[in-house]
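Q: There's a structure below that I have some questions on.
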Amino acid sequence: MIRRLVVLMIAVLALSCESSSYEEGAPKSTASTRYTGLEIGPTPVGVIPDVLLRDNDRNKDIDLVIDYPTRGGPHPLIVFSPGFGGSHRGYVGLSSYWAANNYVVIRVNHRDRIANITKAEEVWVNATAADWKNRARDITLVLDSLESLVQRYPELEGKIDATKIGVAGHAYGSHTAMLAGGVRTFPGGVSYADPRVKAVIAMSPQGPAESRGLTSESFAELRVPAMFMTGTLDQGATESETPEWRSEGFKLAPAGDKWLVTIEGVRTATFTGRNDGLLEAIAREEDRDIGRTYVPSRRPETSPRTRTEQASVRHQQMVADIRGIALTFFDTYVRGDAAGREALEKAGTRTGVVVEKK
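The sequence shown maps to residues 33 to 390 in this note's numbering.
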């Protein structure tokens with residue numbers, strides 16, 4: 033395997049991997065702006081791509097991408113699980129932002145990655161208990177392999193604090209994150225909880241679904257702090273997967289350090305950070321249908337004049353809210369930071385953001 037090390041200055045990354053918010057000269061985050069999600073982090077980020085982990089028990093290899101702060105350490109760890117059919121090479125807008133704010137982020141490429149994404153829904157509907165188990169075991173394998181990863185990649189020496197670990201996931205990846213945090217699958221009430229995981233974030237989360245082994249009882253053992261992040265347009269692949277369904281896991285989980293964040297206009301795809309023409313066109317048509325003129329909560333120097341430009345600004349702000357609020361949660365429960373707790377408590381004051389906690 034050819035090993036490559038690419039040191040990225042976060043200033044060249046966009047909010048959605050394309051936005052101008054990360055152009056050279058953009059302001060770096062400070063103590064007062066750390067959680068806006070718009071400013072770049074204070075630390076340059078190194079990236080180790082094409083990392084292979086061997087699991088002899090399952091006779092398989094797992095692909096990883098590792099984002100890490102090039103300065104200081106040790107830093108808390110976030111393991112990220114992508115959505116069904118999604119790639120570990122996606123979600124750069126999330127991983128680079130967290131790494132620039134002093135987290136090591138390991139993105140996992142599960143073996144349900146599908147080259148032809150149009151077939152993803154068909155394969156997803158037919159997912160089995162073995163598929164759920166394999167995803168959960170991928171997370172455990174990563175955590176079991178931290179020491180060996182440091183040995184293989186000396187640039188990680190002194191970078192990872194193995195006592196401070198969070199897991200996040202998107203869509204089916206949220207299912208994976210919740211399993212790592214204690215959610216059980218049925219029949220049999222099987223637990224894949226990993227005691228090393230201190231907190232989890234479920235983006236576009238799964239609600240009760242018998243086909244995925246999730247019942248109303250599944251969430252009763254989610255004892256670690258958990259954040260469920262969804263949006264008013266977070267519709268899933270089936271008719272039952274409504275924005276309301278996305279919040280069911282929060283409602284069924286036991287009280288204590290549980291958070292539900294609902295962001296106006298956010299869709300399932302918004303969590304990927306993509307700002308492509310399709311999302312803009314959808315938003316443009318919605319505005320036209322209901323006669324709405326969008327006014328962004330934080331205007332750029334030149335206010336957008338067209339609805340497409342308005343949609344782009346709105347998308348950037350939604351992505352900023354997603355990753356900024358997620359950072360407050362991880363700072364609170366993984367890092368143990370008082371400033372993170374204060375910012376988390378104020379998350380509901382953001383325009384278009386509704387926060388519930390219990």
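Every residue, glycine too, gets a C-beta built ideally from N, C-alpha and C.
Since this is a predicted model, take the numbers as computed values, not measurements.
Taking 8 Å as the limit between beta carbons, can you name the residues of its chain near L84, skipping five residues before and five after?
A: M33, D93, I94, D95 and L96
Q: Nearest-angstrom Cα distance between L310 and D266?
A: Note that L310 scores 48 on pLDDT, short of 50, meaning its location in the model is unreliable and no value can be drawn from it.
Q: Counting only runs of 4+ residues fully inside the stretch 163-214, write out the alpha helix (DSSP H) ranges in chain order.
A: 178-184 and 204-213
Q: Cβ atoms of A258 and A241: under 8 Å apart, would you say?
A: no
Q: From A131, S180 and A203, pick the residue whose C-alpha is nearest to that of S279; which is it?
A: A203
Q: Taking the straight line between their C-alpha atoms, what separation do you get for F361 and R373?
A: 7 Å
Q: Going by CA-CA distance only, name the one from E388, S223 and G115 that's closest to E249.
A: S223
Q: Out of T195, G220, P227 and K196, point me to the one whose CA is closest to M210's CA.
A: P227
Q: Can you tell which of V174, D163, F260 and G198 has the C-alpha that lies nearest to the C-alpha of G245?
A: D163
Q: May I ask you to report which of helix, strand or coil DSSP gives V298?
A: Coil at V298, not helix or strand.
Q: Out of T195, T383, G122 and P106, state which residue places its alpha-carbon closest to the alpha-carbon of I357.
A: Selection T195, T383, G122 and P106 evaluated against I357 yields T383 as nearest (Cα-Cα).
Q: Tell me whether P240 counts as near the ligand SAH, meaning its Cβ is closer than 7 Å to at least one heavy atom of that ligand.
A: This structure lacks the ligand SAH; in fact it carries no ligand of any kind.
Q: Give me the residue from A225, R255, A252 and E273 with the minimum Cα distance to S236.
A: E273
Q: Just how far apart, CA to CA, sit L181 and G73?
A: 25 Å
Q: Identify the continuous beta strand (DSSP E) that holds A258 and give its terminal residues.
A: A258 to G263
Q: Hey, would you say V293 sits closer than 8 Å to A379, going by beta carbons?
A: A contact, by the Cβ cut-off of 8 Å.
Q: Roughly how many angstroms separate the alpha carbons of E388 and N88, rounded to a whole number?
A: 43 Å
Q: Around the C-beta of R355, are 16 or more other C-beta atoms found within 10 angstroms, so that it is buried, or is it exposed?
A: Under this definition R355 is a buried residue.
Q: Classify G190: buried if its beta carbon has 16 or more other beta carbons within 10 angstroms, exposed otherwise.
A: exposed
Q: DSSP on Y365, reduced to helix/strand/coil?
A: helix
Q: What are the complete beta strand (DSSP E) segments, minimum 3 residues, inside the stretch 64-134?
A: DSSP runs (the beta strand (DSSP E)) wholly in the stretch 64-134: 77-87, 92-101 and 107-113.
Q: Taking the alpha carbon of G69 as the reference point, which residue from R90, P106 and G125 has its own alpha carbon closest?
A: G125
Q: Look up S279 in the DSSP assignment and give the residues it is bridged to.
A: DSSP lists no partner for S279.
Q: Note down the Cα distance separating I368 from A231, rounded to an integer number of angstroms.
A: Note that residue 368 is Gly in the sequence shown, not Ile. For G368 and A231, the distance between alpha carbons rounds to 11 Å.
Q: In whole angstroms, what separates the C-alpha of E153 from that of G104?
A: Below a pLDDT of 50, predicted positions are generally treated as unreliable, and E153, at 49, falls in that range; the measurement from the model is reported next regardless. Between E153 and G104, the C-alpha separation is close to 42 Å.
Q: Tell me, to the nearest whole angstrom, how far the beta carbon of I98 is from that of V136; I am working on the premise that it is less than 8 Å.
A: 7 Å
Q: Under 8 Å by Cβ, that's how I've got P108 and K165 pegged, so tell me the actual separation to the nearest angstrom.
A: About 27 Å; that fails the 8 Å criterion.
Q: When you compare only the Cα positions, how much space is there between G205 and T302?
A: 14 Å
Q: Check whether the Cβ atoms of G239 and W291 lie closer than 8 Å to each other.
A: no
Q: CA-CA distance, K390 and G288?
A: Answer to the nearest angstrom: the Cα atoms are 6 Å apart.
Q: When DSSP builds the beta bridges, which residues end up paired with R216?
A: S223
Q: Beta strand (DSSP E) containing A375: first to last residue?
A: A375 -> not in any beta strand (DSSP E); alpha helix (DSSP H) instead, spanning A370 to E377.
Q: On the three-state DSSP scale, how would you describe A343?
A: helix
Q: Have a look at A352 and M261 and give me their C-alpha separation to the nearest angstrom.
A: 13 Å
Q: Report buried or exposed for S113, applying the criterion of at least 16 other Cβ atoms within 10 angstroms of its Cβ.
A: By the 10 Å Cβ count, S113 comes out buried.
Q: Assign S243 to buried or exposed, taking buried as 16 or more other Cβ atoms, counted over all protein chains shown, within 10 Å of its Cβ.
A: Answer is exposed; the Cβ neighbour count stays below 16.
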